[in-house]
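The next block holds one structure in the form of structure tokens; read it before the comments.
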Amino acid sequence: MTEWAEEKYQSILQIVPTVSRETAGALMAFEEAVKKWQSHINLIANATLPELWTRHILDSAQLAEFKPQAKNWCDIGSGGGFPGIVIAILLKEQSGFHIDLVESNNKKAAFLRSVSAEFNLPTTVHTSRIETSYIHINKPKIITSRALASLEKLFELTQPWFEQGATALFQKGRDYKKEIAEAEKNWKFDFEVHQSKIDKQSVILEISKIDSRKG
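Under the numbering used here, the first residue of the sequence shown carries the number 589, and numbering increases by one thereafter.
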């Protein structure tokens with residue numbers, strides 16, 4: 589590895605201590621793929637491109653440490669592959685692992701399919717709205733979402749999967765307490781708050797057993 593690549597490898601080890609050099613190399617190759625496609629379609633905010641490795645890849649990678657033995661994952665609003673593709677790269681060697689990626693934007697879905705093929709990832713890309721994807725995605729164990737919608741809206745979108753026993757890992761920013769308070773007006777749910785390893789103002793909400801208060 590070059591000195592530059594070695595620094596990145598050491599940084600991912602701080603997040604996922606068991607990651608191999610080969611897997612870290614795949615993450616670096618994915619980083620380059622994002623940069624290449626970014627010139628054609630808006631995968632991430634251009635202002636965050638210089639921080640792609642830390643702000644997007646490492647931030648996504650920390651989710652893989654929560655439930656590494658879970659087989660069936662579902663990432664909604666997958667966009668540029670954060671966190672879905674990053675999780676797929678990290679967990680692809682786990683026996684039986686598979687992740688469904690839901691993305692309604694055709695161009696972004698094409699990107700997801702391209703990198704999934706390039707890195708031989710165990711993914712299925714669904715070019716559809718989340719509300720119409722339930723019939724195709726059965727009983728995911730883990731649901732992930734990053735910068736997609738408010739917590740209350742996420743509950744509305746994912747309730748059918750929670751009813752099948754899913755657990756959610758939702759990445760949230762500084763207003764997460766406000767989002768929890770708003771969601772509690774209409775929903776009952778069990779949750780744990782985990783501090784992000786990347787951004788002190790961000791958290792990961794681990795949520796299970798949601799139930800609507802509306803009856």
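We treat Cβ as the ideally placed atom computed from N, Cα and C, and that holds for glycine.
| Out of curiosity, what's the CA-to-CA distance linking Phe563 and Ala698? | The structure shown does not extend to residue 563, since the chain spans only 589 to 803, so no value can be given for it.
| query | Cβ of Leu793 within 8 Å of Cβ of Lys760? | reply | With contacts defined by Cβ atoms closer than 8 Å, Leu793 and Lys760 form a contacting pair.
| message | Which complete alpha helix (DSSP H) runs does the segment 661-725 hold, if anything under 4 residues is left out? | response | 672-679, 694-706
| query | With DSSP run on the structure shown, which of helix, strand or coil describes Ile768? | reply | helix
| Smallest Cα separation from His782: which of Asp647, His714, Val690, Thr746? | Asp647
| query | Got a sec, what are the start and stop residues for the alpha helix (DSSP H) Ser599 sits in? | reply | Unbroken alpha helix (DSSP H) run through Ser599: 591-603.
| said: My assumption, with CB atoms under 8 Å, is that Pro671 sits in contact with Arg734. Please give the rounded CB distance. | reply: Correct: roughly 5 Å between the Cβ atoms.
| Where Lys695 and Ala635 are concerned, what is the direct C-alpha to C-alpha distance, given to the nearest angstrom? | 20 Å
| query | Which same chain residues, not among the five before or five after Trp749, have their C-beta less than 8 Å away from its C-beta? | reply | Cys662, Tyr722, Ile725, Lys727, Pro728, Ile731
| query | Distance, Cα to Cα, Arg643 vs Ser800? | reply | 34 Å
| query | Near Lys775, what residues of its chain come up, given a Cβ to Cβ distance below 8 Å and the 5 sequence neighbours on each side ignored? | reply | Before going further, note that residue 775 is Trp rather than Lys in the sequence given. For Trp775, where only same-chain residues beyond five positions count, the Cβ hits under 8 Å are Glu740, Phe743, Ile798, Asp799, Ser800, Arg801.
| task | Would you identify the three-state DSSP class for Gln759, choosing helix, strand or coil? | result | Three-state result, Gln759: strand.
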